[in-house]
Amino acid sequence: MDFRQSLEYLYGLQRFGIKLGLDNIRALLERLGHPESGYGIVHVGGTNGKGSVSACLAEVLRQAGCRVGLYTSPHLHSFTERIRIDGVPAAEEEVARLTDMLRERAADIPATFFEFTTALALWHFQQRKVDFAVLEVGMGGRLDATNAVLPRVSVITSICRDHAEHLGADLAAIAVEKAGIIKEGIPVVLGRQEPAALEVLLERARRQKAPAYLLGRDFTSGPAAGGFAYRGLELAMDGLHPGLAGAHQRQNLALALAAAEVLRRQGERISEAALRGGVEGVRWPGRLEWWDGRDGRDVLLDGAHNEGGARALAEYLAELGAAKVRWVVGIKGVRQVGDILGPVLPHVDALYCTEPPAEETVPRQRLAEEAARAGVPAKVYASPEAALDAALAERGEGEVVLVAGSLFLVAAAREHLRRRAADGEVSKDDYAPSAGLSETV
393 MDFRQSLEYL YGLQRFGIKL GLDNIRALLE RLGHPESGYG IVHVGGTNGK
443 GSVSACLAEV LRQAGCRVGL YTSPHLHSFT ERIRIDGVPA AEEEVARLTD
493 MLRERAADIP ATFFEFTTAL ALWHFQQRKV DFAVLEVGMG GRLDATNAVL
543 PRVSVITSIC RDHAEHLGAD LAAIAVEKAG IIKEGIPVVL GRQEPAALEV
593 LLERARRQKA PAYLLGRDFT SGPAAGGFAY RGLELAMDGL HPGLAGAHQR
643 QNLALALAAA EVLRRQGERI SEAALRGGVE GVRWPGRLEW WDGRDGRDVL
693 LDGAHNEGGA RALAEYLAEL GAAKVRWVVG IKGVRQVGDI LGPVLPHVDA
743 LYCTEPPAEE TVPRQRLAEE AARAGVPAKV YASPEAALDA ALAERGEGEV
793 VLVAGSLFLV AAAREHLRRR AADGEVSKDD YAPSAGLSET V
């Protein structure tokens with residue numbers, strides 16, 4: 393089986409759909425001899441910011457001298473991005489080899505795509521002898537395949553409404569699912585929460601006798617001269633220059649620092665230099681990511697796809713102060729369109745409405761109609777590429793082209809920007825991901 397064949401097999405598992413439950417993943421891990429028991433695990437759940445927290449924690453641990461696996465989803469461009477060791481995606485040959493072996497060993501287990509790939513990642517980490525693995529929850533928490541592990545510490549980022557078709561629209565009910573990763577006696581680090589969600593999380597922690605550390609109560613972060621300041625469980629750090637842009641990322645990075653402090657309390661040797669280096673060295677493409685153009689920063693890519701992400705994006709745009717913002721927008725799935733458009737529309741001047749390359753997208757005409765009701769001019773385009781080309785062509789000096797609404801849309805835009813450079817429409821140096829510490833995600 394080569395890599396292409398392995399992907400055909402893996403994506404073919406999507407015929408089983410999304411089945412929340414732990415029976416299959418437990419059976420897979422038992423069949424593999426429980427590879428997840430061979431290294432320390434940090435489990436990261438919540439709604440927004442899971443990937444950013446996971447990436448930062450992995451970088452902190454790497455800078456502390458650990459060999460670190462990182463499992464996240466979805467990917468932007470290649471399946472291999474989901475499974476990384478020390479920041480390097482798994483080799484295509486390794487994915488193909490493990491897929492073939494796991495398929496043979498578990499032919500009788502009707503695993504879904506996510507269950508199979510979770511087992512694949514945990515097995516890969518064992519074979520590569522990692523010291524730690526940082527696992528991002530796929531969806532929910534209680535019945536997510538990643539919840540078959542026993543972590544050293546868990547993290548739950550801020551909770552908001554998302555995946556209503558699977559988790560419901562009631563915030564307290566969603567919090568019950570997210571709280572399911574809180575295990576007996578295992579410390580949990582909590583992001584800022586709405587009261588209804590916080591009550592559920594703290595009650596679950598109390599019942600599980602799990603020490604809970606809450607942002608804003610037990611540790612804090614905020615702007616400070618020359619960066620941002622962190623006041624932690626035991627440490628105080630000033631002058632931090634985050635590698636992720638946006639005020640909301642200061643909170644996400646504080647969660648990663650607090651989780652690392654918990655590991656320090658457990659005896660892990662994580663220096664302050666490693667903590668600082670992790671915060672400043674972390675990269676997470678597609679999240680407030682600047683793509684540099686001929687006139688400087690002029691394309692902003694963000695995966696905001698729910699109300700919480702839209703509000704964080706709107707806050708960043710308000711701080712930006714651009715002359716004009718042209719928004720290339722496309723939304724996937726069953727979404728409350730107003731929850732995504734509403735916070736951002738006051739900060740943009742024109743919409744270029746399209747549909748991301750995914751199933752069940754919001755019709756582009758509907759997006760244009762919503763924009764018109766808000767008094768923002770909008771046009772519709774058959775593809776993300778056409779919408780982006782139009783926005784770039786009409787962009788004036790000092791204006792920003794924003795691409796947001798779906799990670800699938802962001803991925804398509806990144807690929808198109810690369811092709812534009814390769815085809816000579818602009819020089820290869822005219823459009824490239826920014827390397828500035830404070831400007832990339």
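Those letters in the sequence shown? Residues 393 to 833, per the numbering used here, in order.
The C-beta atom is built at its ideal place from N, Cα and C for all residues, glycine as well.
Here the structure is a predicted model, which means the values were calculated and not measured.
Item, Value
"From Thr472, Asn644, Glu484, residue whose alpha carbon lies closest to that of Gly438", "Asn644"
"Opening and closing residue of the beta strand (DSSP E) in which Thr612 lies", "612-616"
"For Lys601, three-class secondary structure by DSSP", "coil"
"9 Å Cβ cutoff met for Leu667 and Ala652", "yes"
"DSSP bridge partner residues for Lys411 (one or two, in chain order)", "Answer is none; Lys411 lacks a bridge partner."
"For Leu514, the three-state DSSP class (helix, strand or coil)", "helix"
"Every unbroken alpha helix (DSSP H) within the segment 429-491, with a cutoff of 4 residues, ordered by chain", "442-455"
"Nearest neighbour of Arg599, chosen from Val526, Val568, Asn440, Glu751 [CA to CA]", "Val568"
"Exposure label - Val480; buried when at least 16 CB within 10 Å", "exposed"
"Between the CA atoms of Asp610 and Val717 - distance to the nearest angstrom", "38 Å"
"Best match in Gly404, Gly430, Gly608 for proximity to Arg642 [C-alpha to C-alpha]", "Gly608"
"Close Cβ partners of Cys745 (< 8 Å) along its chain, the five nearest in sequence each way excluded", "Val721, Gly722, Arg756, Gln757, Leu759, Ala760, Ala763, Ala770, Lys771, Val772, Tyr773, Ala779"
"Inter-residue spacing [alpha-carbon to alpha-carbon] between Ala650 and Gly767", "44 Å"
"Which of helix, strand or coil DSSP assigns to Lys820", "Confidence at Lys820 is low in this model, with a pLDDT of 36, below 50, so its placement is unreliable and the value that follows should be read with caution. In this structure, Lys820 counts as coil in the three-state DSSP scheme."
"Own chain residues within Cβ distance below 8 Å of Gly678, not counting five before or after", "Leu468, Leu693, Asp694, Gly695, Leu799, Val802, Ala803, Arg806, Val833"
"Boundaries of the beta strand (DSSP E) in which Arg718 is found, first to last residue", "716-721"
"Where Ser775 sits in the DSSP three-state scheme", "coil"
"Boundaries (first-last residue) of the alpha helix (DSSP H) holding Ala766", "Ala766 -> no alpha helix (DSSP H), and no H or E assigned at all."
"Boundaries (first-last residue) of the beta strand (DSSP E) holding Ser546", "545-548"
"Where Met393 falls: helix, strand or coil (DSSP)", "coil"
"Start and end residues, beta strand (DSSP E) containing Leu743", "742-745"
"Same chain only: Cβ atoms within 8 Å of Asp731, ignoring 5 sequence neighbours per side", "Arg553, Asn698, Glu699, Ala702"
"Sub-9 Å separation of Leu420 and Ala513 beta-carbons", "no"
"Asp781 versus Gly413 - alpha carbon distance", "43 Å"
"Glu791 versus Val740: straight-line alpha-carbon distance, rounded", "10 Å"
"Test item: CB-CB of Gly461 and Val526 under 9 Å", "yes"
"Cβ shell of Gln406 (< 6 Å), same chain only, five flanking positions each side left out", "Phe505"
"Chain-order list of residues whose beta-carbon lies under 7 Å from that of Asn539 (same chain, five-residue window excluded)", "Leu414, Gly533, Gly572, Ile573"
"Runs of beta strand (DSSP E) lying entirely within the segment 683-713, each at least 3 residues, in chain order", "688-694"
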